[in-house]
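Following the working numbering, the numbering of the sequence shown begins with 11 at its first residue and continues without gaps.
The structure appears below as structure tokens.
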Amino acid sequence: MCVGGEYLKALDIKSLYDLKEVTYLGFTKVLLNIFKIKKKINETVDQIIKFNPDILFSVDSPDFTLRVAKKVKKLKPNIKTIHFVAPQVWVWREHRVKELKPFLDHILLLFPFEKKYFDKENIQSTFTGHPLLEDQGKSKVDISQIIKDNKKIFSIYPGSRLSEINVLTPILFEFVKMMNEKYKDLFFVFHSTKEHVQLIQDLLLKEGFKNCGAIGDEKVKSHILKSSMFAVAKSGTISLEICNAKIPSIIIYKMG
11 MCVGGEYLKA
21 LDIKSLYDLK
31 EVTYLGFTKV
41 LLNIFKIKKK
51 INETVDQIIK
61 FNPDILFSVD
71 SPDFTLRVAK
81 KVKKLKPNIK
91 TIHFVAPQVW
101 VWREHRVKEL
111 KPFLDHILLL
121 FPFEKKYFDK
131 ENIQSTFTGH
141 PLLEDQGKSK
151 VDISQIIKDN
161 KKIFSIYPGS
171 RLSEINVLTP
181 ILFEFVKMMN
191 EKYKDLFFVF
201 HSTKEHVQLI
211 QDLLLKEGFK
221 NCGAIGDEKV
231 KSHILKSSMF
241 AVAKSGTISL
251 EICNAKIPSI
261 IIYKMG
């Protein structure tokens, strides 16, 4: 049994519900839907307890997945809990590592420097690596067919979830308009998931932008980022990929 999104659906794996149902951006949206989120957490826990698996494997989305794991561990201590993508404790709230110890058996890490934080609390961890960072040097992509006329590239990351896209694209579009008023040699590439790339293309077309495009292919996105002069991104692990590519950037997040 699982709870997931389009990638699990593509593998023909049946999900209890789409994870988008409990994904909201901004404090206000979360607050307005808090009872729905709590209900989904409890429903998920109930289903897991009934299924009684040997292992509960959760991926990212810590505000949801770790709450589920904590409740499951309390009710069924014999179920092993493994989480992939560590909360960014090295950025803020390092004390969160201690909070994970009572209910997390193992955590999988994207970056080697994260391990010391979990070793300190005797939480078992394994460095797996970041697939996007590892793939960058292995493949060659000609982006000249995508970005023409020697334009200077701005990489834009509006988020991977529909709620993030709905909230952040109006702000990002205003940014594009402001930049277009001052500069005539820019091309803005919106980095999207394959699921939402058509939506973003339609939104760009509706706005009438002539110097914007949307890309959903991961390998192409990595090469475009490396060729960018600047990036604007929704906060998250993408900020580390941008940093690794040594691209100047602004990280954004809408609170309300």
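Beta carbons: idealized from backbone N, C-alpha and C, even for Gly.
- For Ala243, the enclosing beta strand (DSSP E) begins and ends at 240–244.
- According to DSSP, Gly223 shares a beta bridge with Val199.
- Taking C-alpha positions only, Leu213 is separated from Val199 by approximately 13 angstroms.
- Gln57 and Lys84 have their C-alpha atoms roughly 15 angstroms apart.
- Boundaries of the alpha helix (DSSP H) harbouring Ile44: 44–61, taken from the DSSP string.
- Residue environment for Ala224: buried (at least 16 other C-beta atoms within 10 angstroms of its C-beta).
- Judged by pairs of C-beta atoms under 8 angstroms, the region 218–236 touches the region 185–202, as three or more such pairs exist.
- Here DSSP, grouped into helix, strand and coil, assigns Leu119 to strand.
- Here Tyr127 is buried. Its C-beta has 16 or more other C-beta atoms within 10 Å.
- Residue pairing from DSSP places Ile262 in a beta bridge opposite Lys244.
- A distance below 6 angstroms between beta-carbons, with the five flanking residues on each side excluded, links Ile257 to the following residues of its chain, in chain order: Ser238, Ala241.
- Per the DSSP secondary-structure output, Val69 pairs in a beta bridge with Phe94.
- Around His116, the same chain offers Ile92, Gln134 as residues with beta carbons nearer than 6 angstroms, after the five sequence neighbours per side are excluded.
- Its Cα nearest to that of Ile89, the residue Lys60 stands out among Lys60, Ala243, Glu124.
- When DSSP reads this structure, Tyr27 sits in no beta bridge, so it has no partner.
- Note that the C-beta distance between Phe113 and Lys80 is below 7 angstroms.
- In the structure shown, Phe113 falls within a coil segment according to DSSP collapsed to helix, strand and coil.
- Burial of Glu251 is indicated by the presence of at least 16 other C-beta atoms within 10 angstroms of its C-beta.
- In the three-state reduction of the DSSP assignment, Tyr193 falls in the coil class, being assigned neither a helical nor a strand state.
- Taking the Cβ atoms as the reference, Ile51 lies roughly 16 angstroms from Val69, outside the contact range of under 8 angstroms.
- For Lys256, the secondary structure class from DSSP, reduced to helix, strand or coil, is coil.
- Residue state for Lys162 is assigned as strand, using DSSP reduced to three classes.
- In the three-state scheme derived from DSSP, where H, G and I count as helix and E and B as strand, Ser170 is classed as coil.
- Taking the Cα positions, Asn43 is about 16 angstroms away from Val177.
- In this structure Ser25 is exposed. Its beta-carbon is surrounded by fewer than 16 other beta-carbon atoms within 10 angstroms.
- Contact between Glu131 and Val107 is confirmed by a C-beta separation of about 5 angstroms, below the 8 angstroms threshold.
- Using a Cβ distance threshold of 7 angstroms, Ile261 and Ser245 count as a contacting pair.
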